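Here our numbering is used: the first residue of the sequence shown is 955, the next is one more, and so on.
We treat Cβ as the ideally placed atom computed from N, Cα and C, and that holds for glycine.
The structure displayed is predicted, hence computed values, not measured ones.
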Amino acid sequence: MASPWGDVWSPQAERVVSRLLADMPPDLPAEIRSVAARLRALPIGPDLWSYYFLQASGEVAVLGYDLDQPEGVTVFTDPVRVLIMLVQGTRQYPELIQLLPIRGPNSVDCRCLAHPLFAERRAICWECGGLGWLPIVHAST
């Protein structure tokens, strides 16, 4: 099934992420700073065993995604994963807020909000990307 989000990346997103990369936060651990420089990617944060980065190209690079290759990097381009990185990235980089989709008048609340883990933003919904709402996509006739 296709993502209702379509293309979440834009030339503006590329410019914003490139600018943030040029001015990396000084409090990053040296290891993360080194990986970010190698990948030319903005460090977004860890999950249980891997670390997520957002590249200016709109790709999500994940260090340690494959448990058998903890130093390996896996790259994703799917719109929901990119959206999740933008949403999660706003915690450390408020400038990313301007890149988030704007909720339209026909958008609907995501069903994830009915669960406290999602409503309190302690878990990430793979349907809405953490926004808490979904765009309405009308099929062409």
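Looking only at 1051, 1042 and 996, the smallest Cα-Cα distance to residue 1077 is reached by 1042. Minimum Cα-Cα distance from residue 1024 among the listed residues 1072, 1034, 1006 and 968 corresponds to 1006. In the DSSP assignment, residue 995 forms a beta bridge with 1009. Inclusion of residue 996 and residue 1008 in the CB contact set at 8 Å is warranted, their separation being smaller than that value.
In this structure, the beta-carbon distance from residue 1036 to residue 1014 falls below 8 Å. Residue 962: not part of any alpha helix (DSSP H); DSSP gives it neither H nor E. In the DSSP annotation of this structure, the continuous segment of the alpha helix (DSSP H) that includes residue 1073 starts and ends at 1070-1073. DSSP places residue 1017 in no alpha helix (DSSP H) but in the uninterrupted beta strand (DSSP E) bounded by 1014-1017.
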